[in-house]
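Residue numbers (the numbering used here): 3 to 379. Cβ atoms here follow ideal geometry from the backbone N, Cα and C, with glycine treated the same way.
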């Protein structure tokens with residue numbers, strides 16, 4: 003028999019949360035715990051507070067003063083009397099962080115979110131972008147919602163790009179930027195004024211961006227896939243790095259794009275923003291590259307791509323790999339992963355450091371000349 007109470011440790015001392023100290027989310031019927039810990043770093047002894055909740059899991063967004071947990075709520079039609087369609091929604095729990103962790107309020111919006119970048123708090127309002135999947139003959143659709151401090155809906159824009167779904171979202175100040183996709187990639191620029199949100203402009207181009215990163219005040223960097231539409235099917239044809247100019251909110255444009263490899267080329271940075279590195283005018287990310295003809299081509303390279311970015315576009319510095327010639331020969335046409343697969347790039351003291359499970363390598367920014375390496379396997 004294993005006890006269900008959460009156990010945690012502070013400075014080597016173990017503590018147990020008793021059942022009467024655990025709260026629960028009434029909407030959720032999950033067996034997992036959510037632990038919200040707060041450490042006050044400015045006080046002697048690092049004061050520690052922990053609140054435990056049963057029954058919710060999902061994406062988390064944290065502002066300076068509040069923490070939000072978003073969990074998907076799926077309700078099949080046969081559980082809901084009088085309904086013939088299944089229902090998807092996102093339940094939101096808000097916690098204040100001013101004086102310890104305190105539950106503040108709850109909200110609910112239709113649809114589900116993509117990731118943490120689908121949420122944002124700005125000027126006292128909470129903004130969220132969702133996709134409602136189509137069931138039966140219904141079409142999918144997308145929306146943005148604006149909620150007040152009590153998590154009550156103030157306004158919304160619904161039915162954005164019917165039949166498509168959100169591939170990336172980013173809230174920056176008073177604007178929201180959405181990328182939806184089915185056959186082409188519309189980039190939407192949205193005015194998020196709480197009293198009257200509206201779509202300002204959109205750009206339709208081949209492909210899609212899975213991740214959007216702000217660059218200066220008027221640019222976005224997108225990382226995703228180039229696509230080819232044969233009329234019968236759509237397939238990816240390479241990893242795409244894009245620079246968008248959104249200074250004219252009514253007419254966003256793609257200033258520059260770089261397509262890496264062919265079909266099968268991928269980067270962890272499209273799904274995990276921690277793998278995307280940008281410092282000043284340097285952009286870097288890991289990629290596994292396939293080249294050549296065929297449905298997926300053949301494995302050609304694994305490592306980090308490094309670029310300089312300016313308002314005019316991208317200039318490649320080069321690329322860094324931890325693999326040697328023997329590693330490439332062993333890989334053959336397909337790369338199944340290994341301890342020399344670069345996963346992260348960091349910028350420290352004017353140099354680039356790449357990290358894999360088996361190596362840390364330092365390269366000079368600009369020339370990419372190797373400075374040193376540490377083999378860890």
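Chain B within 9 angstroms of residue i, Cβ atoms only
i           : result
residue 198 : Included in the structure is just one protein chain, with no chain B present.
Sub-9 angstroms separation of residue i and residue j beta-carbons
i           : j           : result
residue 197 : residue 212 : no
residue 148 : residue 156 : yes
residue 51  : residue 103 : yes
residue 202 : residue 192 : yes
residue 269 : residue 289 : yes
residue 72  : residue 142 : no
residue 133 : residue 113 : yes
residue 189 : residue 246 : yes
residue 243 : residue 260 : yes
residue 152 : residue 91  : no
residue 57  : residue 26  : yes
residue 334 : residue 299 : no
residue 94  : residue 55  : no
residue 16  : residue 38  : no
residue 284 : residue 183 : no
residue 159 : residue 199 : yes
residue 291 : residue 354 : no
Residue range of the unbroken alpha helix (DSSP H) whose run includes residue i
i           : result
residue 328 : 327-333
With 16 other Cβ atoms within 10 Å as the buried cut-off, status of residue i
i           : result
residue 28  : exposed
residue 282 : exposed
residue 306 : buried
residue 111 : buried
residue 295 : exposed
residue 122 : buried
residue 266 : buried
residue 256 : buried
residue 14  : exposed
residue 223 : buried
residue 313 : exposed
residue 5   : exposed
residue 126 : exposed
residue 271 : buried
residue 86  : Residue placement at residue 86 cannot be trusted, given a pLDDT of 46 that sits under 50; the coordinates are not used to answer.
residue 7   : exposed
For residue i, the first and last residue of its enclosing beta strand (DSSP E)
i           : result
residue 131 : 127-134
residue 27  : Segment: none, residue 27 is in no beta strand (DSSP E) and carries neither H nor E.
residue 259 : 255-262
residue 247 : 236-247
residue 301 : 300-312
residue 91  : 89-98
residue 6   : No beta strand (DSSP E) holds residue 6; DSSP gives it neither H nor E.
residue 224 : 221-231
residue 123 : 121-124
residue 287 : 284-293
residue 397 : Limits of the chain in this structure are 3 at one end and 379 at the other, which puts residue 397 out of reach.
residue 1   : Since the first residue shown for the chain is 3 and the last is 379, residue 1 is missing from the structure and cannot be characterised.
residue 377 : 372-377
residue 53  : 49-56
residue 357 : 353-357
residue 316 : 315-322
residue 61  : 61-64
residue 68  : 68-77
residue 118 : It is not in any beta strand (DSSP E) - residue 118 carries neither H nor E in the DSSP assignment.
residue 281 : 279-281
residue 270 : First-last for residue 270: undefined, no H or E at that position.
residue 17  : 15-18
residue 346 : 346-350
residue 363 : 361-366
CB-CB length for residue i against residue j, believed under 8 angstroms
i           : j           : result
residue 168 : residue 150 : Between residue 150 and residue 168 the Cβ distance is about 23 angstroms, and since that is not below 8 angstroms, they are no contact.
residue 375 : residue 361 : 6 angstroms
residue 194 : residue 178 : 5 angstroms
residue 61  : residue 97  : Incorrect: roughly 14 angstroms between the Cβ atoms, too far for contact.
residue 36  : residue 59  : 7 angstroms
residue 225 : residue 287 : 7 angstroms
residue 366 : residue 373 : 6 angstroms
residue 146 : residue 217 : Their Cβ separation, rounded to whole angstroms, is 22 angstroms, which puts residue 146 and residue 217 out of contact at 8 angstroms.
Every unbroken alpha helix (DSSP H) within the stretch 143-201, with a cutoff of 4 residues, ordered by chain: Within the stretch 143-201, no complete alpha helix (DSSP H) run reaches 4 residues.
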